[in-house]
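Chemist:
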Amino acid sequence: MARKQYDNPKAEMTPMIDVVFQLMIFFIVTIKQEDIFSKLNANRPAPNASSAQSEENDTQIKIDIGPRGVVFNGRGMSFKMLDDNIKKLAASSTKSTVLVRCTLDSPHGFLVHVLDICNKYKMYNLSIFSM
Amino acid sequence: MAKSRNEDVSLDMTPMIDVVFQLIIFFVVTLKMSDDKDSTIKLADGKNGIVLTQEELPPSQLTIDVAASGRVSMSNITMSDAMIVDAVKKRVNAYGTDFPCMIRADKTTPHKHVAKVMNLCAAAGMWKVSFVAIQEHKANK
Chain S
95 MARKQYDNPK AEMTPMIDVV FQLMIFFIVT IKQEDIFSKL NANRPAPNAS SAQSEENDTQ
155 IKIDIGPRGV VFNGRGMSFK MLDDNIKKLA ASSTKSTVLV RCTLDSPHGF LVHVLDICNK
215 YKMYNLSIFS M
Chain Z
400 MAKSRNEDVS LDMTPMIDVV FQLIIFFVVT LKMSDDKDST IKLADGKNGI VLTQEELPPS
460 QLTIDVAASG RVSMSNITMS DAMIVDAVKK RVNAYGTDFP CMIRADKTTP HKHVAKVMNL
520 CAAAGMWKVS FVAIQEHKAN K
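Chains S and Z, in that order, give the protein sequences.
To convert a position in the first sequence, counted from 1, into my numbering, add 94.
To convert a position in the second sequence, counted from 1, into my numbering, add 399.
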C-alpha cells in the first residue's frame with residue numbers, strides 16, 4: 095500500500111502556489127527604493143574660538159548664515175548669488191579656507207546648502223563656527 | 400484528438416515554481432527593515448557632495464541623528480550629551496579620528512542643536528564631521 099502511494103505522487107500544488115504568490119506580492123509591495131545620499135565633510139575647530147580667530151589671514155573666506163539667509167562680504171544674498179561669488183573665488187584658488195559662521199537659530203538646511211556650494215567648486219577646507 | 404489532449408492536461412509546474420522561489424528569495428534578501436534611524440528627519444539637498452553608499456561605509460562609521468525638535472539619537476535611540484561623548488570617545492579610541500562621523504540633521508533643525516552635537520564630538524576628540532544630505536530623490540513621498 096505504501097508502495098502504491100509512492101508510485102502515484104499527486105501532491106496538491108494549488109495551496110503552495112497561492113502562498114508563494116501572496117509572499118511575492120507582499121515583498122513587491124513593501125520594497126521601496128532608498129534615496130541616494132551624499133556626505134559633506136567639514137571641520138569643527140576646537141570650541142575656544144579665540145585661537146582660531148587670531149590666525150586669520152587674507153585667504154580666508156567668511157560666510158555668515160543667519161535665520162533668514164546668508165551674508166557674504168557684509169551683504170545679504172541669495173544662494174544663487176553666493177554660488178556665483180564662490181565660483182569666482184574658486185577660479186583663483188580652491189585652497190583657501192572657508193569659515194562658515196552660523197547663528198544658533200539658523201536652520202541646518204542653509205548650512206548644508208552652503209557646504210554643498212563649496213563642494214561644487216571643490217573648496218574642501220571648510221570650518222564651521224557657531225555664534 | 401483535440402478533446403483527448405484537453406482532458407490529459409498535465410502542465411509542468413516545476414520551472415514556474417523555480418522562478419517564483421528565486422523571485423521571493425531575491426526580494427527577501429534585498430528587503431531592508433530600516434528602522435535603525437530616525438525616520439522623521441527630512442534631509443536637505445546636497446547634489447555636489449560625495450556619494451554615500453551604505454555598502455562602502457566601514458563598520459567604524461558613526462551616524463548621529465538630530466531631529467527638528469532637537470532630539471539627538473543614534474540607531475533611533477535617544478542619547479544624552481554624556482552618552483554621545485562616550486560613544487564618540489569609544490570610536491576615537493578604537494579607530495583614531497579617521498572614521499566617518501556623520502550627522503544626519505533635519506533641514507529645519509536650528510543650528511544650536513547641530514552645534515551642540517558638533518561640540519560634543521569635538522570634546523571627544525572628533526573634529527572632522529560630515530553632514531548627510533540627499534544626492535538624488537528616489538523614495539516616493
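We put the CB at the ideal spot given by N, CA and C, even for glycine.
Name the chain S residues that come within less than 7 Å of Z:Q534, Cβ to Cβ?
Modeler: I130, F131 and S132
Chemist: Determine, using beta carbons only, whether Z:D480 and Z:S472 come nearer to each other than 8 Å.
Modeler: Cβ distance not < 8 Å, so Z:D480 and Z:S472 don't count as in contact.
Chemist: Is it buried or exposed, Z:A493, if we count other Cβ atoms within 10 angstroms and call 16 or more buried?
Modeler: It counts as exposed.
Chemist: Is the CB-CB distance between Z:M501 and Z:Q534 below 8 Å?
Modeler: no
Chemist: Throw me the rounded Cβ distance for the Z:A443 and S:H207 pair, which I believe falls under 8 Å.
Modeler: 7 Å
Chemist: Would you mind telling me which residues of chain Z sit closer than 9 Å to S:M118, beta carbon to beta carbon, in chain order?
Modeler: V419, L422, I423 and F426
Chemist: Quick check: what's the CA-CA separation for Z:G468 versus Z:H512?
Modeler: According to the sequence shown, residue 468 of chain Z is Ser rather than Gly. Each residue's Cα considered, the two are about 9 Å apart.
Chemist: Under 8 Å between C-beta atoms, does S:G170 make it to chain Z?
Modeler: no
Chemist: Which of the three DSSP states is assigned to S:F223 in this structure?
Modeler: strand
Chemist: Put S:L205 into one of helix, strand or coil per three-state DSSP.
Modeler: DSSP places S:L205 within a helical segment (H, G or I) once states are collapsed to three.
Chemist: Reducing DSSP to helix, strand and coil, say where Z:M482 ends up.
Modeler: helix
Chemist: Run through the DSSP bridge pairs and tell me what S:K156 is partnered with.
Modeler: S:L193
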